[in-house]
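Using the numbering used here, you'd call the opening residue of the sequence shown number 688 and step up by one each time. Glycine included, each C-beta is placed from N, C-alpha and C at the ideal position. As the structure is a computational prediction, the values presented were derived from the model and not from experiment. The structure under discussion appears below in the form of structure tokens.
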Amino acid sequence: MKPANVYLFGTCLLDLFLPQAGVDAIVLLEGLGLRVHFPQRQSCCGQPAYTSGHPAEALAVARAQLDCFAEDWPIVVPSGSCGGMIKHHWPKLFAGQPDEAQACAVAARVVEFSDFLLNHLDWRPQDLGPKVKVAVHTSCSARREMNVHLSCWALLERLANVERVTHDHESECCGFGGTFSIKHPDIAGAMVADKAAALQDSGAVEFITADGGCLLNINGKLAKEGRAFQGRHLASFLLERVGGKA
688 MKPANVYLFG TCLLDLFLPQ AGVDAIVLLE GLGLRVHFPQ RQSCCGQPAY
738 TSGHPAEALA VARAQLDCFA EDWPIVVPSG SCGGMIKHHW PKLFAGQPDE
788 AQACAVAARV VEFSDFLLNH LDWRPQDLGP KVKVAVHTSC SARREMNVHL
838 SCWALLERLA NVERVTHDHE SECCGFGGTF SIKHPDIAGA MVADKAAALQ
888 DSGAVEFITA DGGCLLNING KLAKEGRAFQ GRHLASFLLE RVGGKA
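If you want it as structure tokens, here you go:
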């Protein structure tokens, strides 16, 4: 049954660097008849602190989110990375805490954006755009933690005029890894160079991803090399294909 209300967990990167992608996700969901709630007090999921070995700090950040999502509505997250942190790591982070049950209840309601459109709404969009070839980058968390990489592919296959082309680095990390790219810039730089080259050489006119961190990382590498080839967030691409409305 389609819910009447959903929350959108906007993520730090969409809020600060890719706000249009967040707006596009809201417009798309509202066009499908949903009332989208964006709690203004929401902030970070706690992942940077958590993966850097600071559980106490991560817990404090995560705890500040609990009351933002008090209603029993799905929490749509346009990022497999942040979605994975809440859904799979919050229960461990809050284990033994007084608010463990509340945190686990929030975690259980988290749904990644493409998974929500495909498997919760069974959305079958009318493609109004021209024929186009696109490549896809799936984040490590979306593929290996949330297991939703097939959802993005399936959505694109429902667009009559969109052809998804494959490339040699489909399952490889782009090198972002949250704080990994800051702590190990040489390794991360080599990884994103391989990923960016594979995407550009795929024959696609652009690449699509549902994770803001990966998008910023790969686009940044391409821009630094002066390449016109760039990527977009899945929400923005889908909204454009249906004429700016769902």
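{"Item": "Near P706, what residues of its chain come up, given a Cβ to Cβ distance below 8 Å and the 5 sequence neighbours on each side ignored?", "Value": "none"}
{"Item": "Over the uninterrupted alpha helix (DSSP H) stretch that includes T738, give me the two end residues.", "Value": "734-738"}
{"Item": "With a CB to CB cut of under 6 Å and the five nearest residues on each side skipped, what residues in its chain are close to S838?", "Value": "S801, D802, L805"}
{"Item": "Looking at C-beta atoms only, is the number of pairs between the region 822-835 and the region 892-905 that lie closer than 8 Å three or more?", "Value": "yes"}
{"Item": "Out of curiosity, what's the CA-to-CA distance linking A736 and G697?", "Value": "18 Å"}
{"Item": "Where in the region 728-810 do unbroken runs of the alpha helix (DSSP H), each at least 4 residues long, occur, reported from the N-terminal end onward?", "Value": "734-738, 742-750, 767-771, 777-780, 787-795"}
{"Item": "What residues in its chain sit with their C-beta under 6 Å from that of D759, if we drop five residues either side in the sequence?", "Value": "none"}
{"Item": "From the DSSP output, which residues share a beta bridge with V879?", "Value": "Answer is none; V879 lacks a bridge partner."}
{"Item": "Does the beta-carbon distance from H856 to A885 come in below 8 Å?", "Value": "yes"}
{"Item": "Return the first residue and the last residue of the beta strand (DSSP E) that K820 is part of.", "Value": "819-823"}
{"Item": "Could one say the Cβ of G770 lies closer than 8 Å to chain B's Cβ atoms, at least one of them?", "Value": "In the displayed structure, chain B is absent; only one protein chain is listed."}
{"Item": "Please report the Cβ distance between V879 and N906, rounded to the nearest whole angstrom; I am assuming they are in contact, meaning their Cβ atoms lie under 8 Å.", "Value": "Not confirmed; about 10 Å, so no contact."}
{"Item": "Whose C-beta lies closer than 6 Å to the C-beta of M833 among residues of the same chain, with five residues either side of it excluded?", "Value": "G767, G770, G771, E799"}
{"Item": "Helix, strand or coil for V723 per DSSP?", "Value": "strand"}
{"Item": "Taking F894 as part of the beta strand (DSSP E), name the residues at either end of that continuous run.", "Value": "893-896"}
{"Item": "Under the rule that 16 or more other beta-carbon atoms within 10 Å means buried, what is P785, buried or exposed?", "Value": "exposed"}
{"Item": "The beta strand (DSSP E) that contains L695, what's its start and end?", "Value": "692-695"}
{"Item": "Can you tell me whether S868 is buried or exposed? The criterion is at least 16 other CB atoms within 10 Å of its CB, across all chains shown.", "Value": "buried"}
{"Item": "From this set, A915, L780, A708, D881, which residue's C-alpha is nearest C732's C-alpha?", "Value": "L780"}
{"Item": "Across which residues does DSSP place V849 in a beta bridge pair?", "Value": "V819"}
{"Item": "Just to confirm my understanding: we take A922, look at its own chain, exclude 5 residues before and 5 after, and list those with CB closer than 7 Å. What are they?", "Value": "A708, D711, A712, L715, P765, F800"}
{"Item": "Hey, how far is the Cα of A790 from the Cα of V693?", "Value": "17 Å"}
{"Item": "Could you check whether the Cβ of E758 sits closer than 7 Å to any heavy atom belonging to the ligand SAH?", "Value": "Of the ligands one can find in the structure shown there are none, so the ligand SAH has no counterpart to examine."}
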